[in-house]
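Colleague:
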Amino acid sequence: MDRLNTQPENIKKLSEILATHFTGNNIVTGIKVYKDVLVYLTVKNNNIHFALDVYLDSTIDLVFRNEETRNFYSEYFKYNFDIKNNILGKEEVLNKIFKISAKNIPDIVEEIISFLVSIENDSSIYLRKIAENVLTLSQRITEDNQSKILLDMEIFLKEKQLSILDTLKLIKEKELSIARFGDGEIRCMVTKNGCGFQKHDWKLMSELMKINQENSDLLVCYPSFLVYENFWLKFWREYWARVKCYIKQDVLGDAMITRPEAFYLHEHDVSKLWIDIWDNKNICFVTGKSSRLDSNHSLFSNLKNSSHIYTKNNNAYESIDEIYSNCLKQKNIDIFLIALGPTGTALAARLHNSGRRALDIGHLNNSFDTVFEGFVRPEQIYYEKNT
186 MDRLNTQPEN IKKLSEILAT HFTGNNIVTG IKVYKDVLVY LTVKNNNIHF ALDVYLDSTI
246 DLVFRNEETR NFYSEYFKYN FDIKNNILGK EEVLNKIFKI SAKNIPDIVE EIISFLVSIE
306 NDSSIYLRKI AENVLTLSQR ITEDNQSKIL LDMEIFLKEK QLSILDTLKL IKEKELSIAR
366 FGDGEIRCMV TKNGCGFQKH DWKLMSELMK INQENSDLLV CYPSFLVYEN FWLKFWREYW
426 ARVKCYIKQD VLGDAMITRP EAFYLHEHDV SKLWIDIWDN KNICFVTGKS SRLDSNHSLF
486 SNLKNSSHIY TKNNNAYESI DEIYSNCLKQ KNIDIFLIAL GPTGTALAAR LHNSGRRALD
546 IGHLNNSFDT VFEGFVRPEQ IYYEKNT
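Residue numbers (the numbering used here): 186 to 572.
1) What residue does the alpha helix (DSSP H) around Ile-349 start on, and which one ends it?
2) What do you get for Arg-188, buried or exposed, if any count of 16 or more other CB atoms within 10 angstroms of its CB means buried?
3) Candidates Phe-300, Leu-247, Thr-254 and Val-239: which alpha carbon is nearest Asn-289's?
4) Give the DSSP-derived three-state secondary structure of Asn-467 in the structure shown.
5) Taking just the CA atoms, how far does Asp-479 sit from His-493?
6) Rank Thr-244, Ile-293 and Lys-284 by C-alpha distance to the C-alpha of Lys-269 and give the top, closest one.
7) For the alpha helix (DSSP H) that Ser-451 lies in, which residues bound it at each end?
8) What did DSSP end up calling Lys-269 once you bin it into helix, strand or coil?
9) If you reduce the DSSP assignment to three classes, tell me which class Lys-284 lands in.
10) So, for Glu-339: in the same chain, excluding its five sequence neighbours on each side, which residues have a beta-carbon less than 7 Å away from its beta-carbon?
11) Apart from the five residues on each side of it in sequence, which residues of its chain come closer than 8 Å, Cβ to Cβ, to Leu-393?
12) Determine, using beta-carbon pairs with one atom in the stretch 343-362 and one in the stretch 438-451, whether at least three such pairs fall under 8 Å.
13) Would you mind stating whether Ile-282 and Phe-262 have Cβ atoms separated by less than 8 Å?
14) Could you give the DSSP three-state label for Gln-515: helix, strand or coil?
15) If you check the beta carbons only, do Leu-484 and Phe-420 fall under 8 Å apart?
16) Under three-state DSSP, which class holds Cys-373?
17) Check the DSSP bridge columns for Ala-171 and list the partner residues they point to.
18) Take every Cβ of the stretch 375-391, pair it with every Cβ of the stretch 493-505, and state whether three or more of those distances are shorter than 8 Å.
19) Give the straight-line distance between the Cα atoms of Asp-545 and Arg-325, rounded to the nearest whole angstrom.
20) Would you kindly report the start and end of the unbroken alpha helix (DSSP H) that includes Lys-474?
21) Where does the unbroken beta strand (DSSP E) through Ser-540 begin, and where does it stop?
22) Would you mind sorting Cys-512 into buried or exposed? The rule is 16 or more other CB atoms within 10 Å of its CB.
23) Alpha carbon to alpha carbon, what distance is there between Glu-564 and Lys-377?
24) In terms of residue numbering, what span does the beta strand (DSSP E) encompassing Ala-524 cover?
25) DSSP three-state call for Lys-220: helix, strand or coil?
26) Which same chain residues end up closer than 7 Å to Ile-216 when comparing Cβ atoms and leaving out the 5 residues on each side of it in sequence?
27) Where does His-234 fall in DSSP's three states?
28) Just how far apart, CA to CA, sit Lys-489 and Leu-404?
29) Would you decide whether Ile-315 is buried or exposed? Buried here means 16 or more other CB atoms lie within 10 Å of its CB.
30) Does the beta-carbon of Glu-305 have 16 or more other beta-carbons within 10 angstroms, so that it is buried, or is it exposed?
31) Beta strand (DSSP E) containing Tyr-407: first to last residue?
32) DSSP puts Phe-416 in a beta bridge; with which residues?
33) If we ignore side chains and look at the alpha-carbon of each, how far apart do Gly-547 and Ala-533 end up?
34) Thinking C-alpha only, which one of Ile-233, Asn-550 and Tyr-264 is nearest Leu-522?
35) Can you list, in chain order, the residues of its chain whose CB lies under 6 Å from that of Tyr-567, leaving out five sequence neighbours each side?
36) Can you list, in chain order, the residues of its chain whose CB lies under 8 Å from that of Arg-422, leaving out five sequence neighbours each side?
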């Protein structure tokens, strides 16, 4: 690599050599001498703006003229560039990045400029940037929509929905039946996708809709909106508008009464209220074979008597008429405790309408164990998926 003397005339000579070399090059917009110390070449177009400072000892620095250009190349190379960066003569890292092969100053400068401009011309860079901007915009729109949905839910439910403890107190005091709607029941009601253990069924969809539209003394329960749970935030973004139009009840219970959140928030206050509801009662458990419901759980230790009606775990709605008939045949039953997914919601409503008392308890005992015994969440417990 040629070395030049440090006299001012040699700086001028270097400037003339570079000017001749880049004659007709539209991307190089200026070549100037700075204080007889270096020659700098300005490279500028609509998208990038940088300079190369060229010294007589063959040292070359890359200088970014704006933050946009610095950020652009920093992102491309995954390297945090400074405003001024030595790329030939000192920094081994940048020597490796630029992989310079030319031997004389004009060719080296041209190689660096061509390399940087070729990156700027790479359409994939802009497509990636566009994708990032679209993602950012999408996230902002999502956040804005989320805020509007939460506000609408708050306004709609404020005068309707009871708290967890008030829901349980009302069930106890008025000896109510309950039909709970969780994410699975809602999906079965407003989509044709069914849920994890219940395929789509038009009759089930219609029955769930009807439960929401009848303003009776059956206590219909919906999840309170948990602003700290990403699952529910995403869920309500997708389903709230579809659900809202069906709800006609003046009062709603909180479906979280059977979920771990109830025990996390209120601990054994929830346990005591549940236990008091069926204290010294004749109970019939209605659930799937090999389901997660444990009728021998300590929550049920104060029952007077208990019996069971079993059905299949998956797609139980196909057998709901038979299950309902078997329930009506039971004598001297104070409460039916049901753990049967969306079918359980429909069954609880049917039993209530026939003058029987039914509580859709879902994963109640599993939720208790999650909080107080350190077990996994209910949905993570294995069960035999018989069909």
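All C-beta atoms in this analysis are idealised placements derived from N, C-alpha and C, irrespective of residue type, glycine included.
Modeller: Taking the coordinates as given:
1) 349-359
2) Note that Arg-188 has pLDDT 43, beneath the 50 cutoff, so the model's placement of it is unreliable and no number is given.
3) Val-239
4) strand
5) 11 Å
6) Thr-244
7) Contrary to the premise, residue 451 reads as His rather than Ser in this sequence. Per DSSP, His-451 belongs to the alpha helix (DSSP H) from 445-451.
8) strand
9) coil
10) none
11) Phe-366, Glu-370, Cys-373, Met-374, Pro-527, Thr-530 and Ala-531
12) yes
13) yes
14) coil
15) no
16) helix
17) The requested residue 171 does not occur in the structure, where the chain is confined to residues 186 to 572.
18) yes
19) 39 Å
20) Counting along the chain, Lys-474 falls outside any alpha helix (DSSP H), and DSSP gives it neither H nor E.
21) Residue identity differs from the one stated: residue 540 is Gly in this sequence, not Ser. Counting along the chain, Gly-540 falls outside any beta strand (DSSP E), and DSSP gives it neither H nor E.
22) buried
23) 22 Å
24) 520-524
25) coil
26) Ser-200, Leu-203, Ala-204, Phe-207, Val-224 and Leu-226
27) strand
28) 25 Å
29) exposed
30) buried
31) 404-407
32) According to DSSP, which records beta bridges pairwise, Phe-416 is partnered with nothing at all.
33) 11 Å
34) Asn-550
35) none
36) Thr-327, Asn-330, Gln-331 and Ile-334
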